[in-house]
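Accompanying notes for the structure given below.
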């Protein structure tokens, strides 16, 4: 037999024998599942400093900027929103389908960088990746220090 070094996992049903996959493949798959579970259980916090030196388009050089989190809001007077509100105002009830198949559990974090010099005050948006826990100006991690709760 060519695959003598790869023992197969054997699943037996009364009349027939069903070979699924090699043992080492099954072990590797289990290891991946364990790693994914371990990663998801530890809650990692993205920590961003309240000030950062970044490029100012008006001044043309790197300057200290004040960082805040931008929270986007839906515009109340967009054409579609006005049309929807007008249609909903009748006595018919819910007129359009409500979207329920939401796939994402997080939103992209957008940082709003504002230059601190009074005569410039230029603002820039900076998008970072998705994360479940976001912190602005939290305590920095130190090497060899134990977390206290």
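Numbering (our numbering), first residue to last: 1242 to 1390. Built from N, CA and C at the ideal position, the CB exists for glycine as well. Remember, predicted model here, so these are calculated numbers, not experimental data.
Beta-carbon gap between residue i and residue j smaller than 8 Å
| i | j | result |
| --- | --- | --- |
| residue 1302 | residue 1358 | no |
| residue 1311 | residue 1369 | no |
| residue 1371 | residue 1342 | no |
| residue 1314 | residue 1325 | no |
| residue 1290 | residue 1385 | no |
| residue 1308 | residue 1293 | yes |
| residue 1347 | residue 1381 | no |
Anticipated Cβ contact below 8 Å, residue i with residue j, distance rounded
| i | j | result |
| --- | --- | --- |
| residue 1355 | residue 1364 | 5 Å |
Among the options, the one whose alpha carbon lies nearest that of residue i
| i | options | result |
| --- | --- | --- |
| residue 1296 | 1318, 1378, 1384, 1353 | 1353 |
| residue 1298 | 1340, 1319, 1331, 1361 | 1361 |
Cβ-based burial, residue i [other Cβ within 10 Å; buried from 16]
| i | result |
| --- | --- |
| residue 1306 | buried |
| residue 1333 | exposed |
| residue 1282 | Legend: pLDDT at residue 1282 = 49, less than 50; position of this residue unreliable, value from coordinates given subsequently. Exposed. |
Complete beta strand (DSSP E) runs within the segment 1317-1369 (minimum length 3 residues, chain order): Correct list: 1349-1356.
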